[in-house]
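**Q**
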Amino acid sequence: MHLDATTLSLAIACGVAAGLLAGLFGVGGGIIFVPTLVIIFSFHQLDAQATSLAAIIPVALIGAWRQNTENLVYWRGAVIMGVGAAFGVLIGAEFALRLPEATLSRVFGMVLLLVGGEMIISSVRKLKAKRAAAN
Amino acid sequence: MDLETQIGRVGVLPYVAIGVVSGLFAAMFGIGGGVVIVPLLILITRMPARMAAATSLATLILTSLMGVIRFSGSGHIDWVAAIVIGAPAVVGVLIGIRFQKRLPAEWLILGFGLFVVAIGLKLVFAL
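From first to last, the protein sequence lines are chains A and B.
Residues 4 to 138 (this note's numbering) are what the first sequence spells out, left to right.
Residues 30 to 156 (this note's numbering) are what the second sequence spells out, left to right.
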């Protein structure tokens, strides 16, 4: 990896942005890490994904520790999901190492559109109900 | 939210399913750990938004560890790069959590929904 002042400062800015999203929304930051590594550091897609997972470890650790100080972590659920996720990672890695990703990522995108759309609609509905109740 | 009754209400299965799906996506696309966990926790288990985000981060400890174990042998991980982007992200996550505290739940869910839709559009149209 080639590091000069420009790429280093860009990487730090993207790192902070990824962390902000991680703290706000509980995501790991891969959505920022992966394109950052591909575009700024010219990583191959798979190397970017693997390196992104490594970068997420400290973010998840510190973030969960911080949230736990306010009793916001539901640990039983997290452990059960984490064990399931460990299996999912092993299966997903086989696909990632073997299959072209274009079609799969498109399907994933469509699922996200549905899920995100539902979240937007339900929250707007609640905000409207709140406003109506306030008046 | 009563932490202890949460699993009793929805059972173990939804958590296992959410975990497996999030791990699959995380390994296949490098994203999808939290992007999958948070909305599904809110929609399926009715967990409050802030707790869903916090619990997702705790889950990602295991997801990312397993990913690193799986991919490290094949030489796909650049540790210097991981530190260069990961260290500033640790600062970012603490700032993000501080912001989150002041945000009402509806706005948090709305923001997350917009964020998820943006990622969905990016993937569908390969932007």
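Here a beta-carbon is modelled for each residue, glycine too, at the ideal position from N, C-alpha and C.
Around the Cβ of A:A96, are there at least 16 other Cβ atoms within 10 angstroms (buried) or fewer (exposed)?
**A** Classification of A:A96: buried, given that the 10 Å Cβ count is 16 or more.
**Q** Only counting the same chain, and skipping five residues up and downstream in sequence, which positions put a Cβ closer than 6 angstroms to that of B:A81?
**A** Contacts found: V67, L70, I71.
**Q** Is B:G40 close to chain A, meaning its C-beta is less than 8 angstroms from at least one C-beta of that chain?
**A** Judged by the 8 angstroms Cβ criterion, B:G40 is not in contact with chain A.
**Q** For the candidate residues A:I35, A:D7, A:T9, A:G29, whose alpha-carbon lies nearest to that of B:G115?
**A** For the residues A:I35, A:D7, A:T9, A:G29, the minimum Cα distance to B:G115 belongs to A:I35.
**Q** Taking 8 angstroms as the cut-off, decide whether the C-beta atoms of B:A56 and A:A51 are in contact.
**A** Cβ atoms of B:A56 and A:A51: not closer than 8 angstroms.
**Q** Relative to the C-alpha of B:R75, which candidate in A:S125, A:H47, A:R134 has its C-alpha closest?
**A** The candidate whose alpha carbon is nearest that of B:R75 is A:S125.
**Q** Among A:S55, A:F90, A:F28, which residue has its Cα nearest to the Cα of B:A78?
**A** Measuring from the Cα of B:A78, the nearest candidate turns out to be A:F28.
**Q** Comparing C-alpha positions only, which one of A:W68, A:L56, A:S55 sits nearest to B:A87?
**A** Among A:W68, A:L56, A:S55, the Cα nearest to that of B:A87 belongs to A:W68.
**Q** Assuming A:A57 and A:T39 are in contact, meaning their beta carbons sit under 8 angstroms apart, how far apart are those beta carbons, in whole angstroms?
**A** Rounded, the Cβ-Cβ distance is 14 angstroms, inconsistent with contact.
**Q** Below 8 angstroms CB to CB, which residues in the same chain sit around A:T54 once its five sequence neighbours on both sides are set aside?
**A** Cβ within range, chain order: F36, L40, F46.
**Q** Going along the stretch 26-43 of chain A in order, which residues come within less than 8 angstroms of chain B, judged by CB to CB distance?
**A** Going along the stretch 26-43 of chain A in chain order, one finds G26, L27, F28, G29, V30, G31, G32, G33, I34, F36, V37, T39, L40 with a Cβ nearer than 8 angstroms to chain B.
**Q** In the DSSP assignment, find the alpha helix (DSSP H) that holds B:R79 and state where it starts and stops.
**A** Per DSSP, B:R79 belongs to the alpha helix (DSSP H) from 78-101.
**Q** Return the residue from the list B:V120, B:G121, B:P133, B:L89 that minimises the CA-CA distance to A:V76.
**A** Of the candidates B:V120, B:G121, B:P133, B:L89, the one whose C-alpha sits nearest the C-alpha of A:V76 is B:L89.
**Q** Any contact of the stretch 129-138 of chain A with the stretch 79-89 of chain A, i.e. 3+ C-beta pairs under 8 angstroms?
**A** Contact between the stretch 129-138 of chain A and the stretch 79-89 of chain A is absent, because fewer than three Cβ pairs lie under 8 angstroms.
**Q** Check A:P61 in the structure and name its three-state DSSP category.
**A** A:P61: helix per DSSP, three-state reduction.
**Q** Whose Cβ in chain B lies nearer than 8 angstroms to the Cβ of A:D7?
**A** Those within 8 angstroms of A:D7 in chain B number zero; the least Cβ separation is about 12 angstroms.
**Q** Using only alpha-carbon positions, find the residue among A:V118, A:A8, A:V110, A:I83 that is nearest to A:F44.
**A** Ranking the options by Cα distance to A:F44, first place goes to A:A8.
**Q** Grab the span of the alpha helix (DSSP H) containing A:S45 for me, first residue to last.
**A** No alpha helix (DSSP H) contains A:S45, which DSSP labels as neither H nor E.
**Q** Quick check: the Cα distance between A:A88 and A:E73, rounded to an integer number of angstroms?
**A** Rounded to the nearest angstrom, the two C-alpha atoms are 25 angstroms apart.
**Q** Is the CB of B:R75 under 8 angstroms away from at least one CB in chain A?
**A** No, its Cβ sits nowhere closer than 8 angstroms to a Cβ of chain A.
**Q** Using a C-beta to C-beta distance shorter than 8 angstroms, which residues of chain A count as neighbours of B:R99?
**A** Those within 8 angstroms of B:R99 in chain A are V92, L93, A96.
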